[in-house]
Each structure stands twice: as C-alpha cells, then as structure tokens.
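A.B. asks:
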Amino acid sequence: MDIARQDKRVMLLTGDLGFKVLTPFAATFPDQFLNVGVAEQNMTGVATGLALEGKIVFTYSIGNFPTLRCLEQIRNDVCYHNANVKIVCIGGGFCYGPLGISHHATEDLAIMRVLPQMQVMAPGDLTETRLVTRMAYETHGPCYLRLGRGGEPDIHLKPIHFSWGQGIPLFPQGDVALLSTGGILINAVRAREMLENQGISASLHSLPFLQPLDMGLLEELARTSRLVVTIEEHSIIGGLGGAVAEVLAEFLGPKAPLVRLGLREGFSCEVGDQEYLREIYGLSPGAIVRRVKEVLSIIQPEAKNNGVSD
Amino acid sequence: MDTRQLALKIRRHAILMTNRGRSSHIGSILSMADIMAVLYGQVLRKRPDNPNWPERDRFILSKGHAGAGVYAALAETGYFPVDWLPRHCAQGSKLCGHVSHIGIPGVELSTGSLGHGLSVGAGMAYAGKLDKKDYRVFVLLGDGECDEGSNWEAILFAAHHRLANLIAIVDYNKIQSLGPVAETLELEPFADKWLSFGWRVREVDGHDHDQLAASLDIRSEIGSSPFCVIAHTIKGKGVSFMENTVLWHYRSPQAEEFEAALREVEDPIIA
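Just so you know, the protein sequences line up as chains A and B, in that order. Counting in the numbering used here, the first sequence runs from 1 upward without gaps. Counting in the numbering used here, the second sequence runs from 1001 upward without gaps.
Structure below.
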C-alpha cells in the first residue's frame, strides 16, 4: 500500500482472487487496481503491455495459477521483454492443504527459477516479505514472489538487514548447516533448537532469494560444515535443494555432503492441513531432526577423510 | 507513400528472405502483405528515426511466424537498412523467423507462439486510456491463431474495459497449418462472435487498399468499443501457384519455384 501510494506507476492485477485481502487496495487506488477475471494468461499478457508502457505491475493469484497456468506468457512476454512485472503467488507449498493437489504449489520455484531474467524470492516470514517486496519493486525486471497465506508466525523479532540475493543468518555457526527457503522457516528454527538440545550444533540461514542465489554463503557453508541440509515446502527437484546441488556440484574444493528435504516423489495427494502435510512429507521439526541424525550417523566416521573441518 | 508499391516490395523481400533463409510461412506473409503496406505506408503514426517516440501508434504482429513481413515493412519505411533483410534466418543474424524485438528498431513485441499479442496489446491500450494518451494499438492476428483460448480472454477484457484505442485485425485467409480452417476448427459465424463479445466489427477485402485504409485509419470516440477488422484474404496472394494452398505454409521457395515466384512480383525499382 505504501509503495502504491508513493508511486502511481504501480499497478496490481488479480485473477479474481484476494477476497478481503485486496479490498482496501482496490478501494484506495481504483486507478491502480484491476481485476482481470479468471484469466491468468490474459492477466500476464496485459501486465506485460502495461509494463512496456512504463507501469510497475504486480500480478496476484494463488497457488499455481499466476505461474503454471500462464507459464508461456511469463516466458515469452514478461521475461523475453524484461518487462517490469512482479508475479505474486499466495499459498506456496501446502498452504491450501485440504484443497488438494491443484492448490499445492510444489514445483513453482523450480519452474520460475529456470526462466531467464526471472528473479525468484520466497521469504520466510512477514518481515522478510516486506523487505523483498520493496526490493522487487525497486529492481527493474521480472520477479516472482512466493508467499505464504498470511498469519504465519513472525520469526525475525529484531530488525534484519540483507541486500539483494543475500541469505539471512539466524544462527551463523554450527556443524550442520540448515538452509531454509519460504514459510517452512519456522520448522527449520524448531528443528535447529531440537538438534542443539540433542548436542548437535547447527547453523541456520534463511534464503529468501533462489535467484540470484547467495553463492558465497553456500560455498563457505559447504567448506566449513559437516553437512548441508536444504529445507523447502517444494519438490526437492529444481527448488532450493536443486539449486544448492547445482552450486555445490561445481564447487571444486572439499565440501560437505548435501541432504535435500522436501517433497520427494509423486503428488502430495494426502488430505490434511499444512501442518499435517508437512509431517507426512518429512518437513515437521521432528522429521527434519530424524533425517539429519540419520545422515550424520552414516557420514560422521568419514568426515575427517573428506577434509571437512571439525 | 504508395501503399501498392510498398506491398509489392514486401512480397518481393519476403520471397527473397524465405528463399535465402530457407524458412517457412511465405503463404502467411503474402496473405498479410497488403495489410502491412496500408498500415506502414499510410495508417500508423510513426517516426522511424525515433522508434520509441511515445506518441507513436503501436503495432503488434501476433501471428509471429510471418515476421519477415514485419521486417520488410520496417526496412522499407526507414527503421533500419534494407540490406539487413537478406540476413533473415542466417547464422548470427538478428532477424529470426518469428518476429523478435532484440536489436531490431520498430518491433514492439516478439511473438511466435500464438495467442499472445492481443493481451499485450490490450495492456498497452489500457495504459494509453489510463494515462490519456491518444496512441492507437493495432494487433494483427491469424485466423488459425484464433483457436487459442487466450485470445478470447483478451477479447472479453478489451470489450469490458471499452478499449476504443485497440484495433484487432484478423488475416482471415481460411487456411491454417494443416488444412482449411473450416475443416480444422470452424470459426464461423466469425464476425458474430466478435460482435457478441462486444466489439465493433468491419469485414473488408484484405487486398483492397482503399477498403483497408478506410476501415483501419479510424480514431474512435473515447468510451466506445474496441474495433475488429476481419480482412478476407488469400493465403499466398500475389504468387499464382502459392495462392490458396496449404503447401506454402511450410515450404520454402527454392530453385525454379523461387525464380517463378519472383517473376510474379516484379518491381523494376528494387530489382
């Protein structure tokens, strides 16, 4: 709202979703708001046309609708023209748990990340969301913002500072490096606490940016940790886990092994709320801890031979 | 500028370009050559030496496979040198088969996948209306392209928002990629469809320059509906053996066919 008040170039387009959430915006800035109807392809094309005429356009919808439904418009229209369009997804991961797989956004990060020009953001809480939204507004070109559903707990209780593409250290030191992207951060925080209570020291970074990725941070953690663990409410293919695997595979120095936590295979077709599905798919704090300990028990004896420092 | 002369030049360039580039879609380019000539020779408000002039009319080729026709029209009206054209589809060239804006002055939008142009054009028209600019947005679509559902989303949108500054032109040559439109996915009653979606419609002979100019060079009253010109055309128009055939959607003119095609669009000025 602050951004739209200060900058009349900003426009918000919705594909007929955002009941109540968008009402204040629509009422306050009627000339900057447009409900295009249930038509995401047209929404994205119109957003491109507006952006090419100098507008800064946010497209808004839930789950896979603002991305997969109109993927080619994003690729050919938004990205190829480097149009100033910010795609906002509400309900990343299992937010809409009981509604079924149509509403589970579990491949969106992978698909957006592979598009040229696209900058990809999945903030971990409201504080991160505020900051990356402003950064996306201030940075020309296509951005994807993958958000939760609202009402998630605040994790950063003190002001945080990070720049474009940087990871955020919540706990910078530890043997096991936990990396989290998006709203699953709360479970990463809890898992880390459980690990510490069981005598396993763990660092934790939130990575609100998947593109650009904080390469320096990843290489440092790979060099100095026993184990790197990625945590995301998303397929382990192509998202945070995939991105980190790509970086570490090309990293030439000695490096810690990698564990990717997320949706492993098949559709998330179990029925239940977000917490239930996180548990089922190995993303509850307890499940994260179990998996980390399991892998540590396998790699620990070889740690020194791999050149990983204590 | 003499639009008939320009149409002939566009046809001749297109035959040369698709021959040298060994590229397809000559039938689609010949089909729309007169529309392009009337737009670029007469209708569009433009400044070729300042392609981003804010007051210009916008033109989007949504049937991007006919890109050579846009390149030819732009070159002949001074956006870039005509001697770029023979490099169409050549290794390292900027002129790719489906129209692309990168490095090409005057191309508003890159297309190639069908059903994209009208939405983007509607966005430009919406911005123009919002900002009280008086530029017009012209979008040229193919008939086969109208199979794409995204067009009908845009058609709904433009009528709902009364985008009077948006003009859709359909190059209705009745032949799509694999066969006749009527046998593939019938569009008729085509004009009625646009009308029922809330557009104003005019049907014209898409090779009659006077009819094209009279229907395209309009400036609608603010608040009226968007405008659709259904241009009845002949695929391959101007080269007798290419006319009304499916074959020349994909075939590149080579050897004797190339020579014969060129003879039919003789123009002493650019020969």
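We put the CB at the ideal spot given by N, CA and C, even for glycine. None of these values were measured; they are calculated from a predicted model.
Tell me the rounded alpha-carbon separation between B/Ser1196 and B/Asn1151.
C.D. replies: If I take the Cα positions, the gap works out to 15 angstroms.
A.B. asks: Which same chain residues end up closer than 6 angstroms to A/Ala47 when comparing Cβ atoms and leaving out the 5 residues on each side of it in sequence?
C.D. replies: Here A/Ala47 has Leu13, Val57, Thr59 and Val85 as same chain residues with Cβ atoms under 6 angstroms from its own Cβ, once five neighbours each way along the sequence are excluded.
A.B. asks: When the cut-off is 7 angstroms and only beta carbons count, does A/Ala39 lie next to chain B?
C.D. replies: yes
A.B. asks: Under 7 angstroms between C-beta atoms, does B/Val1274 make it to chain A?
C.D. replies: With chain B covering only 1001 through 1271, there is no way to say anything about residue 1274 of chain B.
A.B. asks: Between the C-alpha atoms of A/Ala202 and A/Ala243, what's the straight-line distance to the nearest angstrom?
C.D. replies: C-alpha separation (whole angstroms): 21 angstroms.
A.B. asks: Please confirm whether B/Ala1075 and B/Val1082 have their CB atoms less than 7 angstroms apart.
C.D. replies: yes
A.B. asks: Looking at the structure shown, is A/Ile155 part of a helix, part of a strand, or coil, going by DSSP?
C.D. replies: Three-state DSSP puts A/Ile155 in coil, outside helix and strand.
A.B. asks: Under 8 angstroms: do the stretch 79-93 of chain A and the stretch 169-180 of chain A share three or more Cβ pairs, one atom per stretch?
C.D. replies: no
A.B. asks: Could you compute how far the alpha carbon of B/Lys1132 sits from the alpha carbon of B/Ile1222?
C.D. replies: One C-alpha to the other measures close to 10 angstroms.
A.B. asks: Run down chain B in chain order and give the residues with a C-beta less than 8 angstroms from the C-beta of A/Asp31.
C.D. replies: Leu1130
A.B. asks: Out of curiosity, what's the CA-to-CA distance linking B/Glu1264 and B/Phe1258?
C.D. replies: Cα-Cα distance, rounded: 10 angstroms.
A.B. asks: Suppose you measure from the CA of B/Asp1192 to the CA of A/His81; what does that come to, to the nearest Å?
C.D. replies: 34 angstroms
A.B. asks: Check this for me: beta carbons of B/His1209 and B/Thr1077, under 7 angstroms apart or not?
C.D. replies: no
A.B. asks: Just list the residues that DSSP pairs A/Lys86 with in beta bridges.
C.D. replies: A/Phe58 and A/Cys143
A.B. asks: Could you tell me if A/Asn305 is buried or exposed, where buried requires 16 or more neighbouring beta carbons within 10 angstroms of its beta carbon?
C.D. replies: Per-residue confidence for A/Asn305 stands at a pLDDT of 45, beneath the threshold of 50, marking its modelled position as unreliable; no derived number is given.
A.B. asks: CA-CA distance, B/Val1137 and B/Glu1055?
C.D. replies: 11 angstroms
A.B. asks: Kindly indicate which three-state DSSP category B/Ile1104 falls into: helix, strand or coil?
C.D. replies: coil
A.B. asks: Identify the continuous alpha helix (DSSP H) that holds A/Thr14 and give its terminal residues.
C.D. replies: Boundaries around A/Thr14 are those of the beta strand (DSSP E), Val10 to Thr14, since no alpha helix (DSSP H) includes it.
A.B. asks: Starting from the N-terminal side, write out each stretch of the beta strand (DSSP E) that is 3 residues or longer and does not extend beyond the stretch 16-58 of chain A.
C.D. replies: Taking only runs of at least 3 residues, the beta strand (DSSP E) segments lying wholly in the stretch 16-58 of chain A are 33-35.
A.B. asks: DSSP on A/Leu131, reduced to helix/strand/coil?
C.D. replies: helix
A.B. asks: Shorter than 7 angstroms from the beta carbon of A/Gly242 to some beta carbon of chain B?
C.D. replies: With its beta carbon at least 7 angstroms from every one in chain B, A/Gly242 lies outside the interface.
A.B. asks: Are the beta-carbon atoms of B/His1098 and B/Gly1117 separated by less than 7 angstroms?
C.D. replies: no
A.B. asks: What in chain A is Cβ-close to B/Ser1113, meaning under 8 angstroms?
C.D. replies: Glu72 and Asn76
A.B. asks: Look up A/Pro169 in the DSSP assignment and give the residues it is bridged to.
C.D. replies: BP columns for A/Pro169 point to A/His205.
A.B. asks: Just the chain B side, please: which residues come within less than 8 angstroms of A/His81 by C-beta, in chain order?
C.D. replies: In chain order: His1101, Leu1109 and Ser1110.
A.B. asks: Name the two residues that bound the continuous alpha helix (DSSP H) containing A/Met121.
C.D. replies: Looking at the DSSP string, A/Met121 is not in any alpha helix (DSSP H); the run it does join, the beta strand (DSSP E), is Gln119 to Met121.
A.B. asks: In the DSSP output, what is B/Val1204 paired with across the bridge?
C.D. replies: B/Ala1231
A.B. asks: Should A/Ser102 go down as buried or exposed, given a rule of 16 or more other Cβ atoms within 10 Å for buried?
C.D. replies: exposed
A.B. asks: Against B/His1116, what residues of chain A qualify as contacts under a CB-to-CB distance less than 8 angstroms, listed in chain order?
C.D. replies: Gly45, Glu72, Gln73, Asn76 and Asp77
A.B. asks: With a cut-off of 8 angstroms, do at least 3 Cβ pairs link the stretch 145-153 of chain A to the stretch 123-135 of chain A?
C.D. replies: yes
A.B. asks: Quick one: Cα of A/Leu217 to Cα of A/Thr28, how far?
C.D. replies: Roughly 41 angstroms between the two C-alpha positions.
A.B. asks: DSSP beta-bridge partners for B/Val1170?
C.D. replies: In the DSSP assignment, B/Val1170 forms a beta bridge with B/Leu1141 and B/Ile1230.
A.B. asks: Under 7 angstroms Cβ-Cβ, which residues of chain B neighbour A/Leu50?
C.D. replies: Gly1123, Tyr1126 and Ala1127
A.B. asks: Would you mind telling me which residues of chain B sit closer than 7 angstroms to A/Val36, beta carbon to beta carbon, in chain order?
C.D. replies: Those within 7 angstroms of A/Val36 in chain B are Phe1157.
A.B. asks: Quick check: what's the CA-CA separation for B/Ala1066 versus B/Arg1047?
C.D. replies: Looking at the two C-alpha atoms, the distance is approximately 23 angstroms.
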